[in-house]
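Q: Residue numbers (mature numbering (1 follows the signal peptide of the UniProt record, and there is no 0)): -17 to -1, 1 to 120. Note that beta-carbon positions come from the ideal geometry of N, C-alpha and C, so glycine has one too. Note that this is a predicted model, so its numbers are computed, not measured.
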Amino acid sequence: MMKSILSLALYTATALAQGIYINSPAAGTELQAGETVTVQLVRPVFSENVAEIGIAIGIESCSGSSGCPKPDSEIGNLLYSGPYDPQSNGPPDPYENFTITVPDVTGPAQIGVVRPFLVGLSYEFVVGTAVTNVTIV
């Protein structure tokens, strides 16, 4: 019984720790090809130990009937790969801004983020993702 409770607690903490999200640009935003855009990634505060490894940000065209792939399987045009160190600037949650240049593609697209990190007392390896759908004109 105790093992089940501990496993459930670790699973819940792991799932919650994946909770980064893209605050900007907002879903549905129209972006211009060649435009410089700020991508704001927010990481809610958690009580578990979290050790950041880094992130990758990409834009993937979503044309065709298959839609957009999950960013942990295909990220498209790689726009940033490197450290992720969100800072708390008061409420609400810690975030970090990344400046990217929109690639020369048009139509429906997805900004995807892949974030490998370590979580919990034993620093379990986890990969989290976040997406926002945009249109490039």
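Determine the direct distance from the alpha carbon of Leu104 to that of Gly90, and round the result to whole angstroms.
A: The straight-line gap from Cα to Cα measures roughly 44 Å.
Q: With 16 as the cutoff for other CB atoms within 10 Å, does Ile58 come out buried or exposed?
A: Buried.
Q: Check whether the Cβ atoms of Ser43 and Ala113 sit closer than 8 Å, and answer yes or no.
A: Before going on, a small fix: residue 43 reads as Glu here, not Ser. Their beta carbons are not under 8 Å apart, which means Glu43 does not touch Ala113 by this criterion.
Q: For the beta strand (DSSP E) holding Leu104, just list the boundary residues, first then last.
A: From DSSP, Leu104 is part of no beta strand (DSSP E); its letter is neither H nor E.
Q: Name the DSSP bridge partner or partners of Leu14?
A: Looking at the DSSP assignment, Leu14 forms a beta bridge with Ile119.
Q: Per DSSP, Phe81 is paired with what?
A: Partner(s): Val22.
Q: With Val88 as the anchor, note down where its beta strand (DSSP E) starts and where it stops.
A: Element bounds for Val88: n/a, residue is neither H nor E.
Q: Can you tell me the Cα-Cα spacing of Gly37 and Gly111, whole angstroms?
A: Going by the C-alpha atoms only, they are around 11 Å apart.
Q: Taking a contact to mean a Cβ-Cβ separation below 8 Å, would you say Ala39 touches Tyr106 in this structure?
A: For Ala39 and Tyr106, no; Cβs fall outside 8 Å.
Q: Alpha carbon to alpha carbon, how far is residue 135 from Val109?
A: Missing from the structure shown is residue 135; the chain here goes from -17 to 120 and no further.
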